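Residue numbers (this note's numbering): 1114 to 1257. Below is one structure, written out as structure tokens, with a few remarks after it.
Below, the structure written as structure tokens:
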């Protein structure tokens, strides 16, 4: 419901009204508005059944944080199960899969993530110094 309320604020002409079981407002405007038509993409994370259902029903992307390729494979299977339980609005398109690995990225990890269906990898900048961070990010950028 909160996502629906935000979507109303992003897309409806002012004055904006919304009424749901937990959120109600009327006669409001929200500025600045997102530049993207329909508002920004909604990214839903989490590894429990309710999160998977929410991602299918409301999200443009599912995000797995510190998940191994094996775990993401299980998560994608759970998302597929959730897709059989809730309706996915056509305007959302295909659910994208984004992950952050739990450690430094390797070519083998990139291949393993791709094999299970990952669309996007977001790495964590890490290093004990600025130069170490730059070096790690440069190495990882060359892998994707």
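All residues carry an ideal CB built from backbone N, CA and C; glycine is no exception. This one's a predicted model, so the numbers in the text were calculated from it and none came from an experiment.
Fill in: Residue from 1228, 1253 and 1230 whose Cα sits closest to the Cα of residue 1239
Residue 1239 sits at position 126 when you count from the first residue of the chain shown. When each option's Cα is compared against that of residue 1239, the closest is 1253.
Check your understanding: Any idea what DSSP makes of residue 1171, helix, strand or coil?
Key -> What you label residue 1171 is simply residue 58 of the chain shown in a count that begins at 1. Residue state, collapsed to three classes: helix.
Does the Cβ-Cβ distance between residue 1209 and residue 1233 come in under 8 Å?
-> On the chain shown, residue 1209 is found 96 positions in, with the first residue counted as 1. On the chain shown, residue 1233 is found 120 positions in, with the first residue counted as 1. The Cβ-Cβ distance between residue 1209 and residue 1233 falls below 8 Å.
Contact between the region 1161–1175 and the region 1196–1208 (3+ Cβ pairs under 8 Å):
yes
Reducing DSSP to helix, strand and coil, say where residue 1130 ends up. In the chain shown, residue 1130 corresponds to position 17, counting from 1. Reduced to three states, the DSSP call for residue 1130 is strand.
Legend entry - Supposed close pair residue 1206, residue 1177 - CB separation, criterion 8 Å: Counting from one through the chain shown, the residue named residue 1206 turns up at place 93. Counting from one through the chain shown, the residue named residue 1177 turns up at place 64. At roughly 19 Å, the Cβ-Cβ gap does not stay under 8 Å, so residue 1206 and residue 1177 are not in contact.
(request) Kindly give me the distance between the Cβ atoms of residue 1128 and residue 1141, rounded to whole angstroms, as I take these residues to be in contact under 8 Å. (result) Taking the chain shown and counting its residues from 1, one reaches residue 1128 at position 15. Taking the chain shown and counting its residues from 1, one reaches residue 1141 at position 28. 6 Å between Cβ atoms; contact.
### Message
Quick check on residue 1141: does DSSP put it in helix, strand or coil?
### Response
For this step, residue 1141 is matched to residue 28 along the chain shown. Correct three-state label for residue 1141: strand.
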